[in-house]
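Trainee: Numbering (our numbering), first residue to last: 17 to 1216.
Heads up, the beta-carbon is just placed ideally off N, CA and C, and yes, glycines get one too.
Below you will find the structure I want to go over with you.
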């Protein structure tokens, strides 16, 4: 053999060896020193490096796009602008890259054990770990942090929990994960869970030294959220000492001052605010710290504070903070009871505000409160409506502002209608010359305003052009500088910072947009033609600026608009003029005909009535309500609302205690509306007592009726309903009475009347709270369900029993509905448990892990469902009764699934047909009784668990008779068991909450690599015989040094063989090739089997990941529902508190008026007594004069 052939052969061997080494190191299925090193380096300096850069960029952009509201309490970690669970999308790149790194470079396979180190504790601990890529812990942590910063708090918590399981032996990683979990719980408002984690860390000896500062931050943040300010201060001071970020340290110092101020420690608060100031401190922190220090002034005169605030208002650099300055001035004057000065400064704060944010809203709320107390509701309405969008729902003023804004929005619509229609009628009645003069003056005013607006736009356009020219010169200078600079400029890098500049991620920009929209359009509902308010009617003669009017789009407002549209059609030609600078444009809106005036009066009449109701019921202002109702009666004596107005005035005077006026309107109701709905109740002898105690009376009657309903006393329920319907048909509890009356027909099995009464209830009270329940019962009736099965009186809603008398629940040909005992049909295994008693994710993980471990070929679909009062984990994939029987038999073994599940879980096997068609109608209890009766022998352990008994295995074998169709299934199961035994697949950890995003997988050919795959036939022949080279390559791969020597020796000895030996060698080679061919065929069959098994396992993992994702979504939805419920409860409580305060104020006002009336009565009585005394004295004086005259006359007579 030539020297060239030997060299070529050597090259071939080394090439094969190199290719095999590279190929083996790229796979993460092998665990060797080489693969660990390769994947660690690739992860650290490639994927993780890029993911970390993307994370830092996204975090920086997120922090820059968020502004702190320094007028409120500043939190250590700024509150996320995104709602709970809503992803901002900024950290998607980091999440994708870390997920890719975990999928491609995570090594979980166990390495080959070293038998010489079996007694080495450190080595054994290393063997027991679950992740072998050295740098993978940082990848997992970065993934969880990115999910947290992205707003996916539940997902982040799940990932952190999984990290603690993977790296349970690393205390630093576990502690860091626990702190992040506590922080996530705090952000979600789960303060109990966050406190529990922090408490456990303290019990365990505290956080590691590396995380002391982070622990102080998380603990202080939790305490601030929990309103434990005094306990938060020490932790906050520790966090400030350990903080290296200057901006964050400034924020925490400012927060420290706020906490001291909240606790009333003004000295320390002043010191903390002073520490905020500095040369490098942003001015907004310096300004707000100085403002907070001024607020700490507790001198009675507040002279120094007023002087400092006045000085601050004159500085040009404080121009954007004028709203805060004037609001503080207004607060001080209000504290000094100088209301006029307070109003003046609040108005300045609103007018001078250029930020249109939270601080302007505070000035508007205070201004609105003062207007509201003075009953200037039209002026108060825009204050509340503009301030409301700037407040979070958690703000303490939000319930009050939302309530008043809603009520005043509704009120102002009617006030504006009255003012506008009165103005239109007034102008319509003027002489034509005067009318035209007013219109022309209006047109001139509009033209002036348009010219002024155009000039402002022109000036703004010039300013923008000038700035554009300046920026263009800057660009030219920059280009010249760049050309002179020889250093090459890197191309622009597209980062994730653009996500934070997106308009809807900037909370301040969104709020400013809302304010700008409302200033121009008012409150608009999302609907077609939202820009149109009153069609062509513009309200031009209204003295109040229409730009600040709110737009209520309730039913009454729609009616008003329809009437206005009709009014326009009556007064305008077919081709209406739309030019607002034309006289005809305004003339066509005036009610110049009797029909138009009539329609205008209808608008005024309806608006006055609605104003009276709002004053009485929503504002609790009886004086204004009386004035509105009286105005309605005086202007429109024949109003169709006259009976309602009389009744409302009757109630108002009864509440005020004015018996004379109450009797007057009672008499009007009885005489003028004798057949009306109010005449009967007010004609009762004890009517006043009935009306004053109506609330308690209707509650008492309803409770009595409900108890009678529970006791099946049908007559009492119907009697109370008839009495209430006759005496008080307008009571709020009439829908409840109606429902009870309808359900009495269900108690006597009168399905026709039940459905008729429920239908009448839904039609009569469509907006009642009880209507959804009635609608639900109607739907259940129509779907074949009713309240009971045998007609006995019902005391609750039991939908689990069938109504045997209803045709809808009878099977075909009149048979009673019952469970089917068919066995050769698909079955479902239900794991049922009460809500919030079992961890759904943990249960899903246990079941999936058990199925992966014990059933390699067969796959099961797992999904959660709700079947009140249970939550259900459904397991599908059982084709017959025998399949589910085999599964449960194994599950109830000593090492089976059931032994590891919570004892509160109810295991129920059921056929798909029974589950869908019969179980919802007959109920779970009847099914369990049916199953126990028919399958107790096949499932003794299951039946024993249902009854709460302990199952004891019998010493005698139990013979289970095979049913038809089940033997084949059993044989198939035995075959499956034989296939499953020799196959072992390592268990892959399943991430319980964060499914790893699937990347395109590269198919790997699992067959053995031969020489034909690496070299051409010509190359092999030049080096020697093909089979010899293949053997040589195999030896080289197994032992590189000895293999290469053997390869050379083989070619050296081959030349010495005889012809017979060569022929025998060929025969031997031929036989070996046949054996190899057979071996390859066997190997192919084995590989195909493994491929199928792997595919089935992959499908199962995908199904479980889908189920996990569904459970996460359900948990997120449940958390959101809980949060909405809590917010609603808070709102209701706040409304109740506001109403209580208003009631107290009204009561106080009534007491004051009562005292005034009593004082006037006393003065009148005193005046009367004084006059009587003077009269008596005058009579006595006259009598004395007469007597004196008589005596004088007598004396004169005597003298004569």
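Identify the residues that DSSP records as bridge partners of residue 925: which are they?
Mentor: Translated into the one-based positions of the chain shown, residue 925 becomes position 909. BP columns for residue 925 point to 845.
Trainee: If you draw a straight line from the alpha carbon of residue 368 to that of residue 338, how long is it in whole angstroms?
Mentor: For the purposes of this step, residue 368 is taken as residue 352 along the chain shown, with counting starting at 1. For the purposes of this step, residue 338 is taken as residue 322 along the chain shown, with counting starting at 1. Cα-Cα distance, rounded: 6 Å.
Trainee: Helix, strand or coil for residue 563, going by three-state DSSP, please let me know.
Mentor: What you label residue 563 is simply residue 547 of the chain shown in a count that begins at 1. Residue placement at residue 563 cannot be trusted, given a pLDDT of 35 that sits under 50; the coordinates are not used to answer.
Trainee: Count the other CB atoms within 10 Å of the CB of residue 295; is the residue buried (16 or more) or exposed (fewer)?
Mentor: Along the chain shown, one-based indexing puts residue 295 at 279. Per the 10 Å Cβ criterion, exposed.
Trainee: Report the three-state DSSP secondary structure of residue 419 (helix, strand or coil).
Mentor: On the chain shown, residue 419 is found 403 positions in, with the first residue counted as 1. The answer is helix: DSSP assigns residue 419 an H, G or I state.
Trainee: Let me know if residue 1021 comes out buried or exposed under the rule of 16 or more other beta-carbons within 10 Å of its beta-carbon.
Mentor: Numbered from its first residue, the chain shown carries residue 1021 at position 1005. Since pLDDT at residue 1021 reaches only 40, below the 50 mark, its modelled position is unreliable, and the value read off the structure follows with that caveat. Exposed, by the Cβ-count rule.
Trainee: Check whether the region 705-720 and the region 677-688 are in contact - that is, three or more C-beta pairs closer than 8 Å.
Mentor: No contact exists between the region 705-720 and the region 677-688.
Trainee: Count the other C-beta atoms from every protein chain shown that fall within 10 angstroms of the C-beta of residue 1094, then say buried if there are 16 or more, exposed otherwise.
Mentor: Along the chain shown, read from residue 1 onward, the residue named residue 1094 stands at position 1078. That one is exposed.
Trainee: Leaving out five residues on either side along the sequence, give the residues of the same chain with a beta carbon under 7 Å from the beta carbon of residue 300.
Mentor: Here residue 300 refers to the residue found at position 284 of the chain shown. Cβ neighbours of residue 300 beyond the five flanking positions: 86.
Trainee: Between which residues of its own chain and residue 1187 is the CB-CB distance below 8 Å, once the five residues before and five after are set aside?
Mentor: Reading the chain shown from its first residue, position 1171 is the one you call residue 1187. None.
Trainee: Relative to the C-alpha of residue 851, which candidate in 839, 889, 840 and 842 has its C-alpha closest?
Mentor: Locating residue 851 in the chain shown gives position 835, counting from the first residue. Ranking the options by Cα distance to residue 851, first place goes to 889.
Trainee: Go through its chain and collect everything with a Cβ distance to residue 978's Cβ below 6 Å, but skip five positions before and after it.
Mentor: Stepping through the chain shown from its first residue, residue 978 is reached at position 962. Because the pLDDT at residue 978 is just 39, under 50, the model does not fix this residue reliably, and the value given afterwards should be weighed accordingly. If we look at residue 978 and ignore the five residues flanking it on each side, it has no Cβ neighbours.
Trainee: Spatial neighbours of residue 60 within its chain, please: CB distance less than 6 Å, with the 5 preceding and 5 following residues excluded, ordered by chain position.
Mentor: Taking the chain shown and counting its residues from 1, the one referred to as residue 60 is at position 44. Excluding residues within five positions, the ones whose Cβ falls inside 6 Å are 151.
Trainee: Would residue 121 be called buried (16 or more neighbouring beta carbons within 10 Å of its own) or exposed?
Mentor: In the chain shown, counting from the first residue as 1, residue 121 sits at position 105. Buried, because 16 or more other Cβ atoms sit within 10 Å of the Cβ of residue 121.
Trainee: Hey, quick one: how far does the alpha helix (DSSP H) through residue 89 stretch, first residue to last?
Mentor: The sequence position of residue 89 within the chain shown is 73, counting from 1. Premise fails: residue 89 is in no alpha helix (DSSP H) and is neither H nor E.
Trainee: According to the neighbour-count rule (16 or more other Cβ atoms, all chains shown, within 10 Å of its Cβ), is residue 340 buried or exposed?
Mentor: Here the question's residue 340 lines up with position 324 in the chain shown. When all chains shown are included, residue 340 counts as buried.
Trainee: Below 6 Å CB to CB, which residues in the same chain sit around residue 133 once its five sequence neighbours on both sides are set aside?
Mentor: Start at 1 with the first residue of the chain shown, and residue 133 comes out as number 117. Cβ within range, chain order: 139.
Trainee: From residue 216 to residue 426, what does the alpha carbon distance come to, in whole angstroms?
Mentor: For the purposes of this step, residue 216 is identified with residue 200 of the chain shown, where counting begins at 1. For the purposes of this step, residue 426 is identified with residue 410 of the chain shown, where counting begins at 1. Approximately 53 Å between the Cα atoms of the pair.
Trainee: When burial is assigned at 16 or more other CB atoms within 10 Å of the CB, is residue 196 buried or exposed?
Mentor: Residue mapping note: residue 196 aligns to position 180 of the chain shown, counting from 1. Classification of residue 196: buried, given that the 10 Å Cβ count is 16 or more.
Trainee: So the alpha helix (DSSP H) residue 68 belongs to, where does it begin and stop?
Mentor: On the chain shown, residue 68 is found 52 positions in, with the first residue counted as 1. Its alpha helix (DSSP H) spans residues 64-80.
Trainee: Where does the unbroken beta strand (DSSP E) through residue 887 begin, and where does it stop?
Mentor: Numbered from its first residue, the chain shown carries residue 887 at position 871. Here the beta strand (DSSP E) through residue 887 covers 886-894.
Trainee: Assign residue 853 to one of three DSSP states: helix, strand, or coil.
Mentor: Along the chain shown, one-based indexing puts residue 853 at 837. Of the three classes helix, strand and coil, the one that applies to residue 853 here is coil, per DSSP.
Trainee: Tell me, please, whether the region 665-672 touches the region 695-713 by the rule of three or more beta-carbon pairs shorter than 8 Å.
Mentor: A contact exists between the region 665-672 and the region 695-713.
Trainee: Between which two residues does the beta strand (DSSP E) containing residue 881 stretch?
Mentor: Position 865 of the chain shown, counted from the start, is the residue given in the question as residue 881. Looking at the DSSP string, the run of the beta strand (DSSP E) that includes residue 881 is 877-883.
Trainee: Per DSSP, what kind of secondary structure is residue 645 in: helix, strand or coil?
Mentor: Taking the first residue of the chain shown as position 1, residue 645 is located at position 629. Helix at residue 645.
Trainee: Looking at C-alpha atoms only, which residue of 389, 260 and 903 is the closest neighbour of residue 925?
Mentor: As a first step, residue 925 must be located in the chain shown, where it is residue number 909. Out of 389, 260 and 903, 903 has the C-alpha closest to the C-alpha of residue 925.
Trainee: Would residue 167 be called buried (16 or more neighbouring beta carbons within 10 Å of its own) or exposed?
Mentor: On the chain shown, residue 167 is found 151 positions in, with the first residue counted as 1. That one is buried.
Trainee: Figure out for me which residue from 304, 622, 653 and 230 has the closest Cα to the Cα of residue 334.
Mentor: Within the chain shown, numbered from 1, the residue matching residue 334 stands at position 318. Comparing Cα-Cα distances from residue 334 to each of 304, 622, 653 and 230, the minimum goes to 304.
Trainee: Would you please state the rounded distance, in angstroms, between the beta carbons of residue 336 and residue 371? I believe it to be under 8 Å.
Mentor: For the purposes of this step, residue 336 is taken as the residue at position 320 of the chain shown. For the purposes of this step, residue 371 is taken as the residue at position 355 of the chain shown. Indeed they touch by this definition, with Cβ atoms about 6 Å apart.
Trainee: DSSP three-state label for residue 174, please.
Mentor: Looking up residue 174 in the chain shown gives position 158. Looking at residue 174 - three-state DSSP - the assignment turns out to be helix.
Trainee: Is residue 657 helix, strand or coil by DSSP?
Mentor: For this step, residue 657 is matched to residue 641 along the chain shown. The answer is coil: DSSP assigns residue 657 none of H, G, I, E or B.
Trainee: Give the straight-line distance between the Cα atoms of residue 794 and residue 748, rounded to the nearest whole angstrom.
Mentor: Residue mapping note: residue 794 aligns to position 778 of the chain shown, counting from 1. Residue mapping note: residue 748 aligns to position 732 of the chain shown, counting from 1. The straight-line gap from Cα to Cα measures roughly 22 Å.
Trainee: DSSP state of residue 437, grouped into three classes?
Mentor: On the chain shown, position 421 is the one that residue 437 refers to. In the structure shown, residue 437 sits in a helix (DSSP, three-state: H, G or I).
Trainee: For residue 194, does the three-state DSSP call read helix, strand or coil?
Mentor: Locating residue 194 in the chain shown gives position 178, where the first residue counts as 1. DSSP places residue 194 in helix when its eight states are reduced to three.
Trainee: Considering only their Cβ atoms, is the gap separating residue 849 from residue 921 smaller than 8 Å?
Mentor: Within the chain shown, the letter at position 905 stands for residue 921. Within the chain shown, the letter at position 833 stands for residue 849. Yes; because the gap between Cβ atoms is below 8 Å, this pair is in contact.
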